[in-house]
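This report concerns only the one structure given below.
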Amino acid sequence: MSAVGGYGSGRTTETGESGFLENRSTERVLLDADACAAWLKPRLPFSTFDAEEHWSPAYGESFLAWCQDATQARLFVHFDKPADGAPHLRFVRNRIPEDVRSAEIDEFVFFAKRTSTPITAVNLNEQVFFTCIRGDMLKYLLTLIGGVYVPLSMKEHGWPETIRKDFTGQLQRFLATVTENIYKAKGATLLYVPIDDLSDLEVALKDKDLVQRLEATVIHWTRQIKEVMMVQDTTQEADNTGHLDEIRFWRERAVNFSRLMEQFKSQAVQRIFQLLERSKSTYLKQFRVVQADVEQASLEAEDNLRFLSALEKPSEKLAQAKPKEIPSILRQLLNSVRMIWSTSTYYNTSDRISGLLRKISSEVIKRCQAAIDLNSIWSGVVDDAMTSLEQSIECGRAWKGLYQPMCKLVKRYSQGREWDFPEGAVFAEIDAFVQRCCDLLEVCECQRHFNTRAQQIVLPLFGGLRCKEVTRSIYEIEDSFAKGLRRLRDLDYFVLDVKAARWHDDFAVFKNQVKDLEFMYKNVITSALEGVQTVDGACQVYDAFYLLAKRTRIKKFLEKKSADVWTLFIQDLTLVKRQFEYIRKNPTQSLSVPYQHPPHAGLGLWARGLILKIQNQMDTLDSMHYLPSCREAEVARENFNSIRSMLVSFTEQSFEEWTQELNALDGNTAALAKSLERPLLIRADANILSRGRGGQLESNFDKTLLKNLQEAYFWQKMHNQGINLPYAAHEMLRQRDKLMALREHVLRVVREYNLTLETIAPDERRLFQQHIKTLDKKVAPGIQKLTWNSKGIKEFFVRDTCRECQVVYGFVRRFQTNHQTILNHCKGISELHFLSIDRRKIYADEEFRQAQAAKKVEMEAYLSEAHAGISAVLQDSQRLFEDHPPEIQREWKMYVEKVDKRVGDALKKAVRTSLQELSKVLNPADGKNSTVDVAPLFKVYAVLDSHNRMDFKPTMADLKELLQVVCKDLCLTLHVVPRLWEYLQTLRERDSEFPDDDNSEREEHRAEGEPKAEGKKQLSTFYAMISKDDDCVRIVVQIMKGMANCALKLQERLKWWHNNYHPIVSQNKEDIIRKYARTERPLPVICTNIQRYKELQADIQQEEFK
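For what it's worth, my numbering labels the leading residue of the sequence shown as -11, then goes sequentially.
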C-alpha cells in the first residue's frame, strides 16, 4: 500500500488591473489533453500498466473533462484487463467502482480536488492530490490505525479526561471490529488484544477505565467465539454445498480452533485473564465456559476431519468426472459414508449423515450441470446435449439405485441400527434434477422435430397437389415453435437450478404450445396425404414425414396414417380390376392400342403394363419396412395376388388366340413368299385432275403379314414371362428386319410423292400437269412391275423416284414462293396513298400543287418498281412451264390474267382510298356536327382592290381547277403500270432473237396455244379502267361538291362584309378632307364627327372573329 500526494497554495488579488492580468495569464496556461496526459502518466504506478504500450489519447481527454467539471471532486482509476478484449484504463467519478467494492481488483489510484478552484496547468499539482492503494483495504486501514493513530492516542496531549477515555474506548472497539471482520473474511478467528501496558497488575487494577475496556474486550471475545461455534449448524444447512465443502469446512474449523487455543495460551491474553481474575470480573467466568466449549469443539473437529478424509480421494475424482463416470465413484463414496456412520464418534448422527448424502447429491448435480451445454439446446444442435442429458438422468437414477441396496445391507448387518432418515430428504434435489433433465430432453426432441433449419435438414420434396402448401405450413409451425423456445430461453433464472420453482409453470406453458403445434403438424400430414392421388406419391409423402417425425405422438399418428396408404393402393387395384373387366368384354371398342402395336400383342403389352404398375407399387410398399402391419395391408396383398394372377392368365390367353390364328393362315416359308408377290404401290384415286385433288399413293404391303410380323416382334419381348413363339413366328422374325426396312423405303416414296401432290393447290393441278406426268412415269414401275420380292428396289426405284419427287417439289415450292411475292406486292400497292395531305398543315395553292407533283413522282417510281418485281417473278415462274404443251400454256395465260386482275384491284383500292382521303377533308362530317373534324386545307387571302372591292386570292375557280388537275394526275400515275400479259408478251418478243433451228418446237407450241397479237382485241389500260370506275367517279363528284359548298360559304362571307364595311370603305377620304377644308364648321361639330368615327373604329375592333 502506498500513497503519494502533491501540496501547494496560491493567492489572488482583488484590484481590477491585477485581476485582468491574472485572467490573461490563466488563459495562457489553460489545461489541454496533452498537458493532462503528461501529468497523469507518471502517477499511474500499476504493476501491469505500460504507458508506452497501453496509453490512448482518450485517457488524457477523460482526465481533462474531470478537471474542468466543478461538480466532480473524486476520481478512481484502475487498469482493466478483460478476457475478451484489449486492456485499458477505466475512469470512474465520485463513486467507488463496483470492481473495487467487490474486491475484484487489487490496485487502483485515487485522485481528489482540494478546493473548487478552477484547475490550470499552473495549480494542477496544488489542487489535485492522489494515492495508489494495493491489496486489502481493511488490512491497510488496520495497519494505519494501529501503527499511527493508536500510539498517538496513548500519549499525553492535554485532552480532557472524559474525551480521552471516550476516544480510547471507541478506538479499541473499532479496532476489535475491524480485526474480526478482516480475519473472518479469511475463515479465521483472531482475538483483538489491546496494546495497553499491563506489566504492573497492581497499577492496572487501580485504573478502572482500563479494567472496563478489558472487560468489554472479553465480552467481544465471548460473542465472537459463540458466533464461530454457531457456524457449524449454519454450514450444515447451506445450499449448493458439496461434500468437498464439508471436508474443507471441518479442516478450516480444526485449524481455527487450534489457533484459538494457541491465542488462549499467549502471554498477552493470560495477562488480561490474570487482571480480570484479580478484579473478580463476572465476564471472565462466561468466557471460561466458552473456552471449554472451544476445547471440546476442537476435539470434535479433529475427529470429524479424520473420518471425512476417507472421502477426499473419491471426492476429487468426482469433481473431475463426467456423468457416465460418476456411478462407479458413487459406490466408493457410499461405502465410505457407511464406514463413517459405523465408526465415527461425533459424525454418526442421522442429521449429519443425511446432510452428507445431500451434499454428495449436490455435487453430482453440479457435475451434471457442468456437462450440459444449454447454448446447444437453445441453438438447436442438440445431439451432444441429448447425450449429456441422458447420461445425467442415468447418473441420478444410479445414485438412488445404489443407495437403496445399501439401506437394506445396513438394516441386515448393523444390529438394531439402520438408516432411518427419510429417502425424500436425501434425494429430493436429485429427483428434481432428473425430472428437469427429462424436461430439457423433451425440449431437445422438440428441437429435432420442429427446428429442421438448426439441424441443417433440408425439407424433402413432398409429392401431390399441395407440396408448396405443406412446406409453407411446416415452416410456419417451426416459426411458432421458435417463438415459444425463445421465451423459454430468455427466462431470468438458471433452468438447471432445481430450486427455481417457476420452471414448472414456464415449462407447462411450453408443453401446451408444443401440443398445439403437434395438432397442427398432424393436420399438415393429413392434408399432404389427401393431396396425393397415386400410391407412389403417398409413399413419398409418408416417407418424408417418417424421416421428419421425432415426437412420439406424431410417430403414432403417422403409424395410423399408414392405413390410408394401403387404402389408396386398394383403390388403385380396384380401378385396375374394373378397367380390365371392361376391356376384356369390349377389347376393340375400349382399348386404344398404341401405334404399331398389333391387337393380340397390344392387349398382352397392356396387361403387362398393368402388372408392372401394380408390381412397382407393391415393391415400393414392401421397401417401406417401417410401415406397421394392419388389416388394410392384408386386404391389399390378397387383392394384389388375385389381380396379378388374373392379368397373367389374360396375357397367356391372348397369346394362345394369336397362335391359333397364325396356324390357321399356314404361316410357313411358301405362304410368306406368296404374300410378297404383289406390286409395291397402289393409287388411291387415279383421277388426279378431275377434282383438283386425290391421286395419292399407298403402300401395297400385305396387311395380314404386317400384323403377324408385329405380333411376333412384340410377343418376343415377353418371352421371359412364359411366352414361347412357334416355329412360323421365328421364321417371320428372321426376315422381319429386311421386310420392314424395304417397307420403310417404299413408304418414303409414298410420303414424298403425296407431299408433292398435297403441296399443289387444287386450282394449280392443271398447271403442273406435265410435271405430274413426268413424276408418274418414275412411279409407274412400282405400281405395275415391281413386287416385294424384286431386287434393286432401294438402289434404283426408290432412289430415282425420290430424286424426281424432290425436283418436282422444288418446282412447286418455287412457284408458290413467287406467288406469295406477287401477293405481297399487291398488298403493298393496295396500301398506297397517291396524295400527300398533312392535316396539321394549311397549304397555299402553289404549295399544294408542288406537294402533289412530288408525290406523283414518288408513286410512279414505286409502281414501276413493284411492276418490275411482279414481272420478274412471273418470268421466273414461266420458265417452269416454258416447254410444256399448249394446254399448259393456256393454263399459264389464265394464271397471268388472274394476277393481272389482282394488280388492277390493288390499284383501284389505292386510288379509291386516296380520293376518299381528299373527300373527307372537303366534306368533314357529312351532316354531323361539322365543327368536330374540320381541318382547313387551303390558305385563302381576302384582298381589297383599288376600286374598294373585296375578293379572295386564289379564287374559288382557281382552287376548283387545282383539285380537278390533282384528281386527273392521280389517275395518270397509273400509266406507268402496263397490263401484265401484254407486257410479258412484249418481253418475250424482245427475247425471241434465237436461231430458227433451236426454237422451232417452241414456236409451234406458241402458235397452237396463243392467238396472234394483231388478231386479238387489245385490253384497256389500268388508267382507262380505273378512271371510269363508278366508285372513283362518285368520289370525284363528292370532292367537287365539297369544293362548291366551300365556295358558297365564302360568298356569304363576302356579302356580309359588303353590307357591314363597304359604306365605310367606299367613301373617298380625300374628298371628305377637302370638303372640311372648304367649309368652316364649328369646332363642336368637328369633334362630334371625330368621336363618331372613333366609336365606329372601336366597335369594329371589338367585333368577335367569325
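Where a beta carbon is used, it is the ideal one built from N, C-alpha and C, also for glycine.
Would you call the segment 177 to 193 and the segment 257 to 267 in contact, with 3 or more CB pairs under 8 angstroms?
-> The segment 177 to 193, when compared against the segment 257 to 267, does touch it at the 8 angstroms Cβ threshold.
State yes or no: is the C-beta of I876 within less than 8 angstroms of the C-beta of F869?
-> Going by C-beta atoms, I876 is nearer than 8 angstroms to F869.
Could you check if A898 is buried or exposed, using at least 16 other CB atoms within 10 Å of its CB as the buried criterion?
-> Burial check for A898: the Cβ neighbour count within 10 Å reaches 16 or more, so the residue is buried.
Between the Cα of G104 and those of V97, V116 and V110, spot the shortest distance and give me the residue it belongs to.
-> In the sequence as presented, Gly is not what sits at residue 104; that position holds Ser. Closest in C-alpha terms to S104, from the list V97, V116 and V110, comes V116.
Counting pairs of Cβ atoms below 8 angstroms between the segment 273 to 282 and the segment 194 to 203, do you hit three or more?
-> The segment 273 to 282, when compared against the segment 194 to 203, does not touch it at the 8 angstroms Cβ threshold.
Start and end residues, alpha helix (DSSP H) containing F438 = Element bounds for F438: E411 to F438.
C-beta contact flag for K347 and H231 at 8 angstroms = Yes. Within cutoff.
Enumerate, from N- to C-terminal direction, the unbroken beta strand (DSSP E) stretches of 3 or more residues contained entirely within the segment 742 to 812.
-> With a minimum length of 3 residues, no continuous beta strand (DSSP E) run stays inside the segment 742 to 812.
Excluding sequence positions up to five away, which residues of its chain have a Cβ less than 6 angstroms from the Cβ of E740?
-> The residues are C790 and C793.
Terminal residues of the continuous alpha helix (DSSP H) containing M394?
-> Segment D371 to Y401, the alpha helix (DSSP H) holding M394.
Considering only C-alpha positions, which residue in the set K691, H613 and T555 is nearest to E626?
-> For the set K691, H613 and T555, the Cα lying nearest the Cα of E626 is the one of T555.
Limits of the unbroken alpha helix (DSSP H) element including C955 = From DSSP, the alpha helix (DSSP H) with C955 extends over M944 to L960.
Spatial neighbours of S918 within its chain, please: CB distance less than 6 angstroms, with the 5 preceding and 5 following residues excluded, ordered by chain position.
-> At S918, the pLDDT of 46 sits below 50, so the modelled position is not reliable; the number obtained from the coordinates is stated separately. Same-chain partners within the cutoff: P912.
Measuring CB to CB, does V512 end up less than 8 angstroms from Q435?
-> Not closer than 8 angstroms, so no.
What's the C-alpha gap between V636 and E732?
-> If you take the alpha carbons of V636 and E732, they lie about 34 angstroms apart.
Which residue or residues does DSSP assign as beta-bridge partners of S687?
-> L669.
Using only alpha-carbon positions, find the residue among P311, S324 and S332 that is nearest to V352.
-> Closest by alpha carbon: P311.
Rounded Cβ spacing between D833 and L947 (contact assumed at less than 8 angstroms) = Here D833 really is in contact with L947; their C-beta atoms are around 6 angstroms apart, less than 8 angstroms.
On a CA-only basis, which of A74, S907, E848 and R541 is nearest R1022? Give me that one, please.
-> With distances taken between Cα atoms, R1022 lies closest to S907.
For E95, the first and last residue of its enclosing beta strand (DSSP E) = For E95, the uninterrupted beta strand (DSSP E) segment begins and ends at E95 to K101.
Which residues bound the beta strand (DSSP E) around F67?
-> Counting along the chain, the beta strand (DSSP E) containing F67 begins and ends at R62 to D68.
Below 6 angstroms CB to CB, which residues in the same chain sit around A386 once its five sequence neighbours on both sides are set aside?
-> Excluding residues up to 5 positions away in sequence, P315 lie with their Cβ nearer than 6 angstroms to the Cβ of A386 in the same chain.
Could you tell me which of E250, Y334 and E203 sits nearest to W238, measuring between CA atoms?
-> If we check each option's Cα against that of W238, Y334 comes out closest.
Distance between beta carbons of A25 and G48, contact taken as under 8 angstroms | The beta-carbon separation of G48 and A25, rounded to 3 angstroms, stays under the 8 angstroms limit for a contact.
Using DSSP bridges, identify the partner residues of H76.
-> Beta-bridge pairing links H76 to D68.
Ends of the beta strand (DSSP E) at F822?
-> Membership of F822 in any beta strand (DSSP E) is not indicated, and neither H nor E is assigned to it by DSSP.
Alpha-carbon to alpha-carbon, E970 and R787 = Roughly 43 angstroms separates the two Cα atoms.
Three-state secondary structure (DSSP) at I121?
-> I121 falls in the strand class under three-state DSSP.
DSSP beta-bridge partners of V931 | Per DSSP, D939.
Distance between beta carbons of V520 and G451, contact taken as under 8 angstroms = About 5 angstroms separates the CB atoms of G451 and V520; that is less than 8 angstroms, so the two are in contact.
F926 bridges to which residues according to DSSP?
-> Answer by DSSP bridge pairing, in chain order: Y831.
Near K127, which residues of its chain fall below 8 angstroms by C-beta distance, leaving aside the five closest residues on each side in sequence?
-> Cβ neighbours of K127 within its own chain (closer than 8 angstroms, five residues either side excluded): I170.
Measure the C-alpha to C-alpha separation of K1037 and Y1049 and round it to an integer number of angstroms.
-> Straight-line Cα distance between these residues: approximately 18 angstroms.
Thinking C-alpha only, which one of I748, L763, R326 and L727 is nearest K782?
-> It is L727.
Nearest neighbour of V861, chosen from R900, E835 and C814 [CA to CA] = Residue C814 is the option with its Cα nearest to V861.
Who are the near neighbours of R441 in its chain, counting only those whose CB is closer than 8 angstroms to its CB and skipping five residues on each side?
-> G368 and E466, listed in sequence order.
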